[in-house]
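Chains as they are written, first to last, in numbering that gives the first Met the number 0: chain A, 0 to 194; chain B, 0 to 194.
Scroll down for the structure; my scribbles are underneath it.
2 protein chains.
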Amino acid sequence: MAERLQSDRSTAILRGAAKLFARKGVRSTTVREIADESGVLSGTLYHYFPSKEAIVDEIVTRYLDALLSRYHRALAPAADPRARLHGLVVASLECAKVFPHATQIYQNELGYLRQRPGYERIKAAVYDVQQAWIDVIEDGRAHGVFRDDVPPRMFYRLIRDAVWLSVRWYRPDGSYPIDQFARDTTSVFLQGIGR
Amino acid sequence: MAERLQSDRSTAILRGAAKLFARKGVRSTTVREIADESGVLSGTLYHYFPSKEAIVDEIVTRYLDALLSRYHRALAPAADPRARLHGLVVASLECAKVFPHATQIYQNELGYLRQRPGYERIKAAVYDVQQAWIDVIEDGRAHGVFRDDVPPRMFYRLIRDAVWLSVRWYRPDGSYPIDQFARDTTSVFLQGIGR
DNA sequence: GTCTATATTTCGATAGAC
DNA sequence: GTCTATCGAAATATAGAC
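Printed below as a string of structure tokens:
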């Protein structure tokens, strides 16, 4: 049997914590609840993580790494700004499907994380995510395929919020599969930004 | 000098609490912090409100009342679905300008409020807000001015999230005034949903 | 490596003087 | 009506047995 890179306990704790953080918020979730959800007792948590905050940081950091990795894969092959924008939407939604809880934590608790020591560690990743969108939008304007009467940052924020917040209500199922959802989202925004 | 309908202390507490709730979340805000922000000491809070939760309820209830009032004024005169959709966007953004903190609390903490006793009081108002958007969108489809290849609830959620979350980053100023912002938002979504 | 038991801190809320 | 002082509950984190 192959060795695991990470102990099962550690990942179980991260999973359980992410589920609760997403549902109730970081501050409203107690370490005892995390322990219950993970199948251990509260003291055991501190064998794997130095604090509750360290668990949040680990969840968000892993999520951002996965997101940026998908962005790079999605952006490389496509040259057309419209295809690249679609690629970012699909990559974000696929990442939200794999990490639904981390996605929700990221967009719900970013303001809270920002004013805490240790935010520097994830600050760069947050910036890179934003810049990926801005680059595509400005490129589309430069090539004349996106309208230029709306500020790029404005459009970025509109589509970002719409895509990110979908984790609050969208649940993939047979009647409305994720690829259809991604097509609809891109369709509305591409038509909205197009000229 | 005219009598005030509400004591200055009470409104000061509501203002201070809303500011902190919006920035840090309800659960992360302590009653002592609310007292500091409001210029009183913690014991005094309980002369005006029975609990911290009661303060949240009051903030959200007042906000929803103001929002629905604006919706009714905005929807009455316009018959065209496009004009009515624009009216909802403008009404929401104007309300967000007057009550920026309450707007943020509403969209950040609704999940938290939902699972608390006393949610029944605001449940109806939340439903009315949603229904106002759905009605306009379905009306636009029926009249053939909105595209019919995207589910109405899907479109409602896209535009709702984009409009509501603007309070996280949009601050009205001279270089990008609120009416321009409202026109841009409506423009993108109307072009996105149009056919 | 996991648990039991508990130390320590912080929070919401209350009591009572003024 | 406001403040001082504090209670009791709940939370994070630690100590130490096994």
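For glycine and all other residues, C-beta sits at the position ideal for the given N, C-alpha and C.
At a cut-off of 9 Å between beta-carbon atoms, A161 (chain B) makes contact with chain A.
Of the residues B:I33, B:S174, B:F180, B:G173, the one whose Cα lies closest to the Cα of V166 (chain B) is B:F180. The beta carbons of G24 (chain B) and Y111 (chain A) sit about 7 Å from each other, so the pair counts as a contact at 8 Å.
Counted as a single uninterrupted DSSP element, the alpha helix (DSSP H) harbouring Q190 (chain B) occupies residues 177-192.
Straight through space, the alpha carbons of V149 (chain A) and V128 (chain B) are spaced by roughly 27 Å. Chain-order list of chain A residues neighbouring G191 (chain B): V187, F188, Q190, G191, by C-beta distance under 7 Å. Within its own chain, the residues whose Cβ lies closer than 6 Å to the Cβ of A11 (chain A), once the five positions on either side in sequence are excluded, are S37, listed in chain order. In this structure, the alpha-carbon of Q130 (chain A) lies about 30 Å from that of L109 (chain B). Identification of chain B residues near R156 (chain A) by a Cβ-Cβ cut-off of 9 Å yields A161, L164, S165, R167, W168, Y169, ordered along the chain.
Distances from the CA of D183 (chain A) to each of A:Y155, A:Y105, A:L92 were compared; the closest alpha carbon is that of A:L92. Look at the stretch 14-31 of chain A: the residues with a C-beta under 9 Å from a C-beta of chain B are R22, K23, G24, V25, R26, S27.
D172 (chain A) is bridged by DSSP to A:Y175.
Counting only runs of 3 or more residues that sit fully inside the stretch 0-58 of chain B, no beta strand (DSSP E) segment turns up. For I177 (chain B), the closest alpha carbon among the candidates B:Y126, B:I136, B:A90 is that of B:A90. In this structure V135 (chain B) is buried. Its beta-carbon is surrounded by 16 or more other beta-carbon atoms within 10 angstroms. The beta-carbon of F48 (chain B) is placed no less than 9 Å from the nearest beta-carbon of chain A. For the pair P116 (chain A) and A53 (chain A), the Cα-to-Cα distance works out to about 11 Å.
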